[in-house]
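All residue numbers for the sequence shown refer to my numbering, where the first residue is 36 and numbers rise by one. Remarks on the structure that follows.
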Amino acid sequence: MTRHFLKDSDLSPKEQAEVLDLAIKLKKDRFSAKPFAGPQTVAVIFDKTSTRTRVSFATGIADLGGVPLIIDSGVSQMGAKESISDTAKVFERQVAQIVWRTYAHSGLEEMAANSRVPVINSLSDDWHPCQLLADLLTIREKFGKTQGLKLAYIGDANNNMGNSYLVACATAGMSVSIAAPKGFWPKESVIAEARAIAESMGQRVELFEDPAQAVQGADVVATDTWVSMGMESEKEARVKLFSGYTVDEALMEKAAPGAVFLHCLPAYRGYEVSSEVIDGPRSLVWDEAENRLHAQKALMLWLSDK
Ligand code: CP
Ligand code: NVA
36 MTRHFLKDSD LSPKEQAEVL DLAIKLKKDR FSAKPFAGPQ TVAVIFDKTS TRTRVSFATG
96 IADLGGVPLI IDSGVSQMGA KESISDTAKV FERQVAQIVW RTYAHSGLEE MAANSRVPVI
156 NSLSDDWHPC QLLADLLTIR EKFGKTQGLK LAYIGDANNN MGNSYLVACA TAGMSVSIAA
216 PKGFWPKESV IAEARAIAES MGQRVELFED PAQAVQGADV VATDTWVSMG MESEKEARVK
276 LFSGYTVDEA LMEKAAPGAV FLHCLPAYRG YEVSSEVIDG PRSLVWDEAE NRLHAQKALM
336 LWLSDK
């Protein structure tokens, strides 16, 4: 059975740790693995805009001995003229892996169901699991471990990052607390899945409306934009709804001593995070952005061997 990486729970705790171990090795010795020697191509498809995902996958595929085949929405037949399943059947005979950033998560499931080569989700409306591998690598570099640490996620928790933080951090043996207005909590099914994983490792998942409660004892404080791609028409209403959820110095002071700040970027200073925090000494956002490269290379290498 071909392995795919569509959501955070597609890796067991042991497998996630294997991928992160590989990422640490590849970061030390960047050109040491060539699973795509040939060179083989890896398709990287974008239905939404991107900076980090585009650069890190293109660079990572080249580092691994392959050639990235970047396909922007609108330039292939997929979607309007040809089904996802027919597209998958064409790709699987030529490319080594398929990386896809899209809207509905169901599209990725259809692609994977029709592909004998690994399909990787580089962001859907529901999950951003590659980002979480990079975040966990950054946390491991800072604290030497993930097990037993606590992450607090503040802001829009009913989006891809909220879901991925809950499930990926639980898988890494962390406690996760979320603060969001009640209408922006993750779906019950996602909370239940994360809680079951966390509790099996002696950790907790907690939800609050008050950011100050969520950050108590947190080693890592994270946030994301209040207006995800595809939600632009709701911007004005969302900015009002999320006022009071900005991660600023006063909130960071309430977290554990030595707490660090993460943000997947792009960031909107003055909205979900203050300039003082994101540009200040607790912020690890540039390491986090670089770690997309190392974590995704590790993932592609790991999948190439399955
Ligand atoms: N964090 C992230 O996925 O960034 P891009 O949207 O720039 O790829
Ligand atoms: N939640 C954001 C993440 C961007 C990397 C979005 O989907 O736009």
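Ideal Cβ placement from N, Cα and C applies to all residues, glycine included.
Margin query: Can you list, in chain order, the residues of its chain with a C-beta nearer than 8 Å to that of Arg-175? Leave out the 5 residues immediately preceding and following it.
Written below: Leu-55, Ile-59 and Thr-181
Check: Mind checking Gln-112: buried by the 16 CB within 10 Å criterion, or exposed?
Finding: exposed
Checklist line | Integer-rounded CB distance, given that Gly-265 should sit under 8 Å from Asp-340 | finding: With a Cβ gap of about 35 Å, Asp-340 and Gly-265 do not count as contacting.
Checklist line | Thr-173 and Met-146 closer than 9 Å at C-beta | finding: no
Item checked: Test item: CB-CB of Ala-115 and Gln-75 under 9 Å -> no
Notebook entry, point to check: Under a Cβ-count criterion, where at least 16 other Cβ atoms within 10 Å of its own Cβ denotes burial, should Asp-254 be classed as buried or exposed?
Noted result: buried
Check: What's the C-alpha gap between Val-134 and Val-77?
Finding: 7 Å
Next item on the list: List the endpoints of the continuous alpha helix (DSSP H) containing Arg-87.
Entry: 87 to 98
Notebook entry, point to check: Name the DSSP bridge partner or partners of Ser-318?
Noted result: Phe-296
Next item on the list: Could you tell me if Asp-107 is buried or exposed, where buried requires 16 or more neighbouring beta carbons within 10 angstroms of its beta carbon?
Entry: exposed
Next item on the list: Using three-state DSSP, classify Trp-261 as helix, strand or coil.
Entry: coil
Note to self: Taking the beta strand (DSSP E) that Arg-136 belongs to, which residues open and close that run?
What the structure shows: 132 to 136
Notebook entry, point to check: Do Leu-276 and Pro-221 have their CB atoms nearer than 9 Å?
Noted result: no
Margin query: One question on the structure: do Phe-40 and Val-225 come within less than 9 Å of each other, judged by their Cβ atoms?
Written below: no
Next item on the list: Return yes when the Cβ of Ala-290 is within less than 9 Å of the Cβ of Asp-170, no when it is not.
Entry: no
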